[in-house]
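2 protein chains.
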Amino acid sequence: MATESRDKPRRIRNISELAKLAGVSAGTVSRALAGKDLVNRETRERIQALAREHGFRPNQMASRLRTGQTGVIGVVIPLGHDKRQHISDPFFMTLLGYLADALTERGYDLMLSRVIPEHNDEWLERLVDSGMLEGVLMIGQSDQFAVIEQVAAHYRPLVAWGVHQPGQVHCAVGTDNFTGGKLAAQHLLAQGRKRLAFFGDIRGIEIEERLKGARAAVAEAGTGANIELFATPLATDNMAERIAADLEAMDPAITGIFTASDVIAMATLRQLHERGQQVPRDIALVGFDDLPLATQTVPQLSSIHQQIGRGAEEMVSRLLRRIAGEETDSLVMEPRLIVRESA
Amino acid sequence: MATESRDKPRRIRNISELAKLAGVSAGTVSRALAGKDLVNRETRERIQALAREHGFRPNQMASRLRTGQTGVIGVVIPLGHDKRQHISDPFFMTLLGYLADALTERGYDLMLSRVIPEHNDEWLERLVDSGMLEGVLMIGQSDQFAVIEQVAAHYRPLVAWGVHQPGQVHCAVGTDNFTGGKLAAQHLLAQGRKRLAFFGDIRGIEIEERLKGARAAVAEAGTGANIELFATPLATDNMAERIAADLEAMDPAITGIFTASDVIAMATLRQLHERGQQVPRDIALVGFDDLPLATQTVPQLSSIHQQIGRGAEEMVSRLLRRIAGEETDSLVMEPRLIVRESA
DNA sequence: TTGAAAGCGCTAACAT
DNA sequence: ATGTTAGCGCTTTCAA
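These protein sequences, in sequence, are chains A and B. Per my numbering, the first sequence starts with residue 829, numbered consecutively. Per my numbering, the second sequence starts with residue 829, numbered consecutively.
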């Protein structure tokens, strides 16, 4: 039942038009609309009412140019390897959701870029000095570690999700993937499963770390234990076929599979079922991420838990401190093995 | 092995600094950097080289203010009902991915907003005349149909994913949810399953349409047939518990379930397994969306297919036409029943 | 082919 | 408490 007074439907285009209408100066309107108390409460409210009435709101582009504060954070999903489906990977999407929340809460806008670097290393440079962004968050590092390092050397407000390597200059928040991989493999090995397989594309640096951790566990387990690598892509397009082929080619002596993600684990579960192999009786399975879907499969997935929500908060708070000129350290969060039914 | 010449590491802050360095005027630099052919090829290349050398790129904020072209499209995920997990819903995430692709391809940036309208209907108004956006895409309508309608009445460059209702003013691209629901229910009814259940939160207008379609199929099936509604939320937090409770409370005569999404179907599959009920023998299940995950479950999900990729393309092309001042009609795409193992 | 100058819409000293 | 003024950094007529 809101009555709209449309006496003068002439659209107010800018602050000075409104100023003229209100019989004051542009400056006053600016102050009034910003809610400053330097302006008489009465006039302030009058101007605000007028603005509301005409559906006027100050142009953000101009305001942001003038103040030098864009209020925009770039969120980048690099797709170095794995051209396609990365963005639909539920892990990254969940992280994106939490980042969106954290940024919105703090009054920042979020500019999303989904970049496929291909043969050009300039994409990040171009992004950071577009003048549009106050800072950049990277959702994963893909195979772009070197590019990120180079930009981070002179561009401070940048925080990435992913691995932290000794001596790296850019600020990273992530899980200890090595330990995660180790936990997963140890869990399988402890069940007397000595011959393992790893399903994952190690061109992603985080994935590679997971494999390294698994390898370390295997090495500790002594002779007879080993782990074989299958380069399962993260993309969901032909993942099923790839996994089917891998299972077919796989040494029948292998009784434990560690997958680089829950999504891969779920697809593997499906293919094992197709082949009539029981999980965990015939083959045990450990995933990574511990997404909600891990509890929805039959059998439920054992997995390595990553703290996504906390990670997002830590990324944003670090970024804001960096925007304010502080330095911040990287954060490596501890993974946890969640034992369910699949292993 | 790229050698970087860092003779003058003094950072160039704007176009006139570069102009001074090049011994030309700001205007010339602007033209040169924009690649216009009004400027001598030699000087143009010299200026471009100089810019590259100093890692200078024109401030987008200023450029966009000046030209009035922001090059930014707002992509909004409204979370009217279902405060939390919507953004992690794989359907919407996939749509977002395709939208990101389509916009990037056309040189647009994407500003993501995840809005929880709560008690305020102004969120869309505020967004559209922030002066930052050339257009707005909405990923789903949630329960904000009225708000969208009102804004669309005076703001042209807006396209939403979702239902199209007779006489609606805003441009929508979506699936014929009614027919989709009808197909799903018909498929179950054709198997002699007369007592059905619908799992979904009909506060989402798209979801409600699906139920209506199912009801229509039930009505056509004649006496004895009926369908019961269970308001399963889309959020994944406590979905499992809700579904477990619903299954417990459900009339044992019900032998077919139509779920509002594949995600709900997957969770339902899990809970049915928990209860020792076989799918499809004891209870048949039809999902909605036909996401990749529908092929990964055991048994594989029968589902209603939505054309996400095409939908994204259609949304973007319509939006661009609207930005150019054209009118565009809505698009209602036909759903398809995909029969797999669960029904 | 280039330079000078105006101005996109807003904010913040500075002045009153 | 309000008006005036000078830009933020860029693009684009208009003149030369």
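Cβ atoms here follow ideal geometry from the backbone N, Cα and C, with glycine treated the same way.
Let's test the definition: count the other Cβ atoms within 10 Å of the Cβ of B:PRO994 and tell me whether it reaches 16, buried, or not, exposed. exposed
7 Å Cβ shell around A:GLU1141 - same chain, five flanking residues per side excluded: If you ignore the 5 residues before and after A:GLU1141, its C-beta comes within less than 7 Å of the C-beta of ALA930, all in its own chain and listed in chain order.
Alpha carbon to alpha carbon, what distance is there between A:LYS1040 and A:ALA1049? 14 Å
Please report the straight-line C-alpha distance between A:ALA1013 and A:PHE1058, rounded to a whole angstrom. In this structure, the straight-line span from the alpha carbon of A:ALA1013 to that of A:PHE1058 is close to 15 Å.
Is it buried or exposed, A:LEU895, if we count other Cβ atoms within 10 angstroms and call 16 or more buried? First, the amino acid is wrong: residue 895 of chain A is Thr here, not Leu. Looking at its Cβ environment, which holds fewer than 16 other Cβ atoms inside 10 Å, A:THR895 is exposed.
Of all the options A:ARG1168, A:HIS992, A:VAL1107, which has the alpha carbon lying nearest to the alpha carbon of A:PHE1116? Minimum Cα distance to A:PHE1116 is reached at A:ARG1168.
Please name the residue, chosen from A:TYR936, A:ARG1023, A:ILE944, that lies closest to A:ASP962 on a Cα-to-Cα basis. The identity of residue 962 of chain A in the sequence shown is Glu, whereas the question assumes Asp. When each option's Cα is compared against that of A:GLU962, the closest is A:TYR936.
Run through the DSSP bridge pairs and tell me what B:LEU1003 is partnered with. Going by the sequence as given, residue 1003 of chain B is Thr instead of Leu. According to DSSP, B:THR1003 bridges with B:MET1161.
Could you check what DSSP says for B:LEU846 in three-state terms: helix, strand or coil? DSSP, reduced to helix, strand and coil, places B:LEU846 within a helical segment of the structure shown.
Exposed unless 16 or more other CB atoms sit within 10 angstroms - verdict on B:GLU873: exposed
Which residues mark the beginning and the end of the beta strand (DSSP E) in which B:VAL1114 is found? 1112-1117
For B:GLU1076, tell me which candidate among B:LEU1148, B:SER853, B:THR1096 has the shortest Cα-Cα distance. The shortest C-alpha separation from B:GLU1076 is found at B:THR1096.
How would you list, in chain order, the residues of chain B whose beta-carbon sits under 8 Å from the beta-carbon of A:SER1130? By Cβ distance, chain B contributes nothing, its closest Cβ being about 15 Å from A:SER1130, past 8 Å.
Cα-Cα separation, B:ILE1035 to B:PHE1026: 10 Å
Have a look at A:ASP865 and A:GLN897 and give me their C-alpha separation to the nearest angstrom. 21 Å
Quickly, what does DSSP pair A:HIS1101 with across the bridge? List them, please. Answer by DSSP bridge pairing: none, since A:HIS1101 is not bridged.
Starting from A:MET966 and walking both ways along the beta strand (DSSP E), at which residues does that stretch end? 963-966
Answer with buried or exposed for B:SER970, where buried requires no fewer than 16 other C-beta atoms within 10 angstroms of its C-beta. buried
Show which residues of chain B have a CB atom less than 7 Å away from the CB atom of A:LEU940. Result: ALA928, LEU938, LEU940.
Return no unless some Cβ of chain B is closer than 9 Å to the Cβ of A:ASP1118. no
Rounded C-beta distance between A:LEU1062 and A:ALA1093? I'm assuming under 8 Å. That pair is no contact at about 12 Å.
Would you kindly report the start and end of the unbroken beta strand (DSSP E) that includes A:ARG1023? 1023-1027
A:GLN1099 to A:LEU1016 span [Cα, whole Å]: Rounded to whole angstroms, A:GLN1099 to A:LEU1016 spans 20 Å at the Cα level.
Against chain A, with Cβ distances strictly below 9 Å, would B:VAL964 count as a contact? no
For A:ALA830, which residues of its own chain have a beta-carbon under 6 Å away from its beta-carbon, when the five flanking residues on both sides are left out? With a pLDDT of 41 at A:ALA830, under the threshold of 50, the predicted position of this residue should be treated as unreliable, and no value is reported.
Just to confirm, are A:GLY1008 and A:PRO1163 a CB contact at a threshold of 9 Å? yes
Would you mind stating whether A:ARG1146 and A:ALA1081 have Cβ atoms separated by less than 9 Å? no
Is any beta-carbon of chain A found at less than 9 Å from that of B:GLY968? No, because no Cβ of chain A sits closer than 9 Å to the Cβ of B:GLY968.
Report the three-state DSSP secondary structure of B:THR1123 (helix, strand or coil). helix
Inter-residue spacing [alpha-carbon to alpha-carbon] between A:THR922 and A:ILE840: 41 Å
Rounded to the nearest angstrom, what separates A:VAL987 and A:MET966 at their Cα positions? 6 Å
Classification of A:GLU1037 by the beta-carbon crowding that lies within 10 angstroms, buried from 16 upward: It counts as buried.
Continuous beta strand (DSSP E) stretch holding A:ALA988: start and end: It spans 986-989 - the beta strand (DSSP E) in which A:ALA988 sits, taken as one unbroken run.
Taking beta-carbon pairs under 7 Å, can you tell me which members of the region 860-894 of chain B lie near chain A? GLY883, ARG885, ASN887, GLN888, MET889, ALA890, ARG892, LEU893
Same chain, Cβ closer than 6 Å to A:LEU952, five either side skipped, listed in chain order: VAL975, VAL979
Name the chain B residues that come within less than 9 Å of A:GLU953, Cβ to Cβ? GLY883, ARG885
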